[in-house]
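Using the working numbering, the first residue of the sequence shown is number -3, and each one after it goes up by one. Positions of the beta carbon are idealized from the N, C-alpha and C atoms, including for glycine. A quick note: this is a predicted structure, and the numbers were derived from the prediction, not measured. Since the structure comes first, as structure tokens, the remarks are kept for the end.
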Amino acid sequence: MSDAPDWHAYDRAHVWHPYSTLVDPAPVFPVVGASGTRLHLADGSELIDGMASWWSAIHGYNHPVLNEAIRGQLDSMAHVMFGGLTHEPAVELARQLIDLTPAGLDYVFFADSGSVAVEVAIKMALQYRAVRGEPERQRLLTLRGGYHGDTFGAMAVCDPVTGMHSLFSGVLPQHVFVDRPASPFHGEWQDSDLDPLRRALKTHAKDLAAVILEPIVQGAGGMYFYHPNYLVGVRQLCDEFGLLLIADEIATGFGRSGEMFGCDHAQIAPDILCLGKGLTGGYLTLAATLANHDVAQTLSSEGPGVFMHGPTFMANPLACACARASIGVLLASDWRGNIKRIENKLSAGLEPAREFAAVADVRVLGAIGVIELKDPVDMHAMPQAFVDRGVWVRPFGRLVYVMPPYVTTDAELATLTTAMLDVVANIA
Ligand SMILES: *Cc1c(COP(=O)(O)O)cnc(C)c1O
């Protein structure tokens, strides 16, 4: 890369990137600006962004309304501690989230990243058991193929294989894993999909605090879309066995799967809900854990009577102001029609890949398009192949996928899907 800025070489020698090595690292591309659906690279080239910066930049980059929300907030207060103080951006964001999320989730805890929101949810569930005099109920039940974040508590409920549990087995709590449902979102529902869960609950219910899962879409654990009836069954079984249900909607929240939240496909409400990623439209790190009355009331009145968590940057005003603006932009748009438009374009555009020898499956839900390959991709060559075609697509494992900003045009979607077909067709 001859036009690379002089800091680029220093990056390769000294700076860790997500899931990367410092010895012969895969290429990273210097980016100097971003606007709308486009990333501007240091060499003057432009990429159509297919990743929305990992589910988060739902309105694209450099959005005038989000920029203005942050500028306005910056002039009054960039940050202030949330212990003993409060401010309008946090409270009005809480009001928006309570209105928007499934019924009953009326209490909001602001966290600083998705992983922390999951830690908070787990801690809520464990403290709930402890103060109700059930301290032995400290395990969680979750699905294989899940992803919930990289901190220790969250990692312990990620898929044991892709989450590399073997490296940390001595310090990770041992939770209960069941197979994910086999019925795909668009396929026939089989009641037997609930059998592994039912069996595990019969065996372990007395040790379990909660069930945690990603509703409808398993994201970083495999980009898999399962049938809404599974969620209905999970909610019923949680009620039957007296378990809390934690929905991790950090990836699925804010319309990505075609409904505002994954739970809305099944019209169920969890007891605890995690939000992040798209919450600020991809501008600033902010997450939230919402709880229902039972959970909030129990933590507030039993045992120590306080919930023992409080990040330094809790409810950062800049991030809260940005999140309010982002939700405002989303609600002012025909988001449902727009996601349907993207779904149709991705489906039509990716369909031909089904015939390719290297392809195991093609699936699309909402603004998520996935080509699953038979073998893992070459992470040195494939991102470069996409950059050469003017698009930003970052595969992982056997998955080549996009989840573009919602403002992506039909023509840009066609460019993205054409590039995906082209790159996948060229796999030897
Ligand atoms: C990304 C993600 C997380 C972790 O969020 P971070 O902000 O990266 O800590 C947790 N759960 C799900 C479902 C995610 O997609």
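Contact check, residue i vs residue j, beta carbons under 7 Å
i	j	result
PHE78	ALA311	yes
LEU62	PHE181	no
MET47	ARG337	no
LEU286	VAL114	no
ARG394	PRO372	yes
TYR143	VAL291	no
ASN288	LEU139	no
LEU227	ALA262	yes
Enclosing alpha helix (DSSP H) for residue i [first to last residue]
i	result
ASP7	3 to 10
TYR124	110 to 127
ILE264	Taken as a continuous stretch (DSSP letters only), ILE264 belongs to no alpha helix (DSSP H), as it is neither H nor E.
GLU236	224 to 237
GLU42	Unbroken run through GLU42 is the beta strand (DSSP E), 42 to 45; no alpha helix (DSSP H).
ASP357	Run containing ASP357: none in the alpha helix (DSSP H); it sits in the beta strand (DSSP E), 355 to 361.
ALA201	Unbroken run through ALA201: none, as it is neither H nor E.
LEU93	84 to 96
Cβ neighbours of residue i in the same chain (closer than 7 Å, five flanking residues each side left out)
i	result
LEU89	CYS316, ALA319, ARG320
SER111	GLY145, ASP146, THR147, ALA150
PRO501	Here the chain comprises residues numbered -3 to 424, so residue 501 is not present and cannot be evaluated.
PHE221	PRO180, PHE181, ILE212, VAL213, ARG359, LEU361
ALA247	TRP51, GLU210, VAL213, GLY215, LYS273
THR97	PHE257, LEU269, LEU286
PHE352	VAL420, ALA421
Cβ neighbours of residue i in the same chain (closer than 6 Å, five flanking residues each side left out)
i	result
MET73	PRO313
GLY159	MET151
ALA206	ALA121, LEU136, LEU239, LEU240, ILE242
VAL358	LEU346, ALA349, ARG350, ILE367
ASN334	TYR402
Same chain, Cβ closer than 8 Å to residue i, neighbours up to 5 away in sequence not counted
i	result
ALA99	ALA265
GLY386	SER41, GLU42, LEU43, ILE44, THR411, ALA415
PRO21	ARG8, HIS13
ARG128	THR294, GLU298
DSSP-derived helix/strand/coil call for residue i
i	result
GLU245	coil
HIS36	strand
GLN425	Nothing can be reported for residue 425, as the shown portion of the chain is limited to -3 through 424.
GLU368	strand
GLY274	helix
THR308	coil
GLU347	helix
ASP102	strand
PHE392	strand
MET(-3)	Residue placement at MET(-3) is flagged as unreliable, the pLDDT there being 46, under the threshold of 50; a coordinate-derived value is accordingly withheld.
ARG135	strand
VAL302	coil
ILE212	coil
SER31	strand
PHE382	helix
Range of the contiguous beta strand (DSSP E) that encloses residue i
i	result
THR411	Where THR411 is concerned, there is no enclosing beta strand (DSSP E), although the alpha helix (DSSP H) it sits in stretches over 406 to 421.
ALA287	283 to 288
PHE173	172 to 174
GLY149	First-last for GLY149: 148 to 151, but that is the alpha helix (DSSP H), not the beta strand (DSSP E).
**OP:** Examine the Cβ distances between the region 396 to 404 and the region 30 to 43 and report whether three or more of them are shorter than 8 Å.
**Re:** Segments in contact, yes.
Original post:
Okay, do the region 113 to 120 and the region 184 to 197 touch, 3+ Cβ pairs below 8 Å being the bar?
Top reply: By the Cβ rule, the region 113 to 120 does not count as touching the region 184 to 197, because fewer than three pairs are nearer than 8 Å.
Original post:
How about the region 289 to 299 and the region 63 to 72: do they share at least three Cβ pairs that are nearer than 8 Å?
Top reply: No: the two stretches stay apart, fewer than three of their Cβ pairs being nearer than 8 Å.
Subject >> the region 21 to 28 in contact with the region 267 to 281 per 3-pair CB rule at 8 Å >> reply: No: fewer than three Cβ pairs fall under 8 Å.
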